[in-house]
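> So in the numbering used here, spot 70 of the sequence shown is number 225, and the numbers just go up one at a time.
Beta carbons: idealized from backbone N, C-alpha and C, even for Gly.
Submitted below is the structure of interest, expressed as structure tokens.
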Amino acid sequence: MRLIRRLLDLGLAGVLVVLSPVVSPAQQDFNPTPLTNLDTEKIEQIARQTTVRIFTNNASGSGVIIARRGETYTVLTNWHVVGFNEQPKLMTSDGRRYRIINRLTQLGNVDLAVVQFRSFIHYKVAAISSELPISGEPVYVAGFPMYAEDRVNTTFDQGIKAFRFTQGLVSLLAPKPLYQGYRLGYTNHISIGMSGGSILNQKGQLVGINGRVKNRDPDFGVYSFEDGTEPHPLLLEQMMTSSWGIPISTYLKLRS
């Protein structure tokens, strides 16, 4: 019970295990060229098609399809979603369930992991942007809350119907990475279970991965910087009112 409470205080919005391959550039739908801004409806459609739900025996999280090679798909998620459980399963946008086929491992010291599944069905792969979003820029967040609105009953039986999509703004880009690689703060509301879900820009490109909900207890070190220093009290106040994600650029650096 103490472990579960500590995980929740750390803002772990989901909990799913697999030597993870780091995806090569040729495998990814990497799109560095400028695109036009999309309307919200189109961005939501992209989020629905590329976001998956990950289940364990007693918890769930989210993930994003970032690559396909033949019939093998690669999904990026948070390490805390998959790193503490056995035999996770994955559900795609059409409601199909898949077994995770790779042996999970954490990517560096960052709260990221890669999982893979096989399917002959064609699923959309998220386009990736290596550019860091700036403060005030609109962002769109997607994932699958683990609990219903009453915060008591789970949404396990809802499957992909529990999908949630929210619009907000980048509230701040931390001057340096926080513990476990978090750096991107945003105003969007996220819930437990949405960890590992996508953060998209106005072009529908993946710019980050969800990971921490708002208003966590700073005593647990969730707002401490990676180098062990602490934020100024004024910055801490702003950090606490933001949701947090890991920039996709962090993954790209680990991949290279």
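In this structure, does DSSP put V178 in helix, strand or coil?
Because the pLDDT at V178 is just 49, under 50, the model does not fix this residue reliably, and the point stays unresolved.
> Return the bridge partner residues of K408 from the DSSP annotation.
In DSSP, K408 forms no bridge with anything.
> Tell me whether F375 sits in a helix, a strand or coil according to DSSP, three-state version.
Reduced to three states, the DSSP call for F375 is helix.
> Leaving aside the five residues before and after P243 along the sequence, list all residues of the same chain whose C-beta is less than 6 Å from its C-beta, in chain order.
Hits under 6 Å: L171, I209, T211, V237, I255.
> Can you give, in chain order, each stretch of the beta strand (DSSP E) that sits fully within the segment 252 to 330 and has at least 3 residues?
Within the segment 252 to 330, the complete beta strand (DSSP E) runs of at least 3 residues are 252 to 254, 268 to 273, 293 to 298, 319 to 328.
> Going by alpha carbons, who is nearest to T227 out of N264, F272, N233, I221?
The residue with the shortest Cα to Cα distance from T227 is F272.
> Does the beta-carbon of R319 have 16 or more other beta-carbons within 10 angstroms, so that it is buried, or is it exposed?
Classification of R319: buried, given that the 10 Å Cβ count is 16 or more.
> Would you call N356 buried or exposed, if buried means 16 or more other Cβ atoms sit within 10 Å of its Cβ?
N356 should be labelled buried.
> Here's the rule: buried if 16 or more other CB atoms are within 10 angstroms of the residue's CB, otherwise exposed. What is L389?
It counts as exposed.
> Rounded to whole angstroms, what is the Cα-Cα separation between F311 and G250?
Those two C-alpha atoms are separated by around 12 Å.
> Looking at the structure shown, is Y337 part of a helix, part of a strand, or coil, going by DSSP?
Y337: coil per DSSP, three-state reduction.
> If distances are taken between C-alpha atoms only, which option among G298, P402, N370, E196 comes closest to G363?
Closest by alpha carbon: P402.
> Excluding sequence positions up to five away, which residues of its chain have a Cβ less than 6 Å from the Cβ of D184?
Confidence at D184 is low in this model, with a pLDDT of 48, below 50, so the placement of that residue should be treated as unreliable; the coordinate-derived value is given next. Cβ within range, chain order: V280, A282.
> Have a look at A222 and Y278 and give me their C-alpha separation to the nearest angstrom.
If I take the Cα positions, the gap works out to 10 Å.
> Cα separation between T309 and V230?
Cα to Cα, T309 sits roughly 24 Å from V230.
> Grouping DSSP H, G and I as helix and E and B as strand, with all else coil, what is L190?
Coil, per DSSP.
> What do you reckon, are the CB atoms on G323 and Y337 nearer than 8 Å?
Taking 8 Å as the Cβ cut-off, G323 and Y337 do not qualify as a contacting pair.
> Exposed or buried, which one is G359 when buried takes at least 16 other CB atoms within 10 Å?
So G359 counts as buried.
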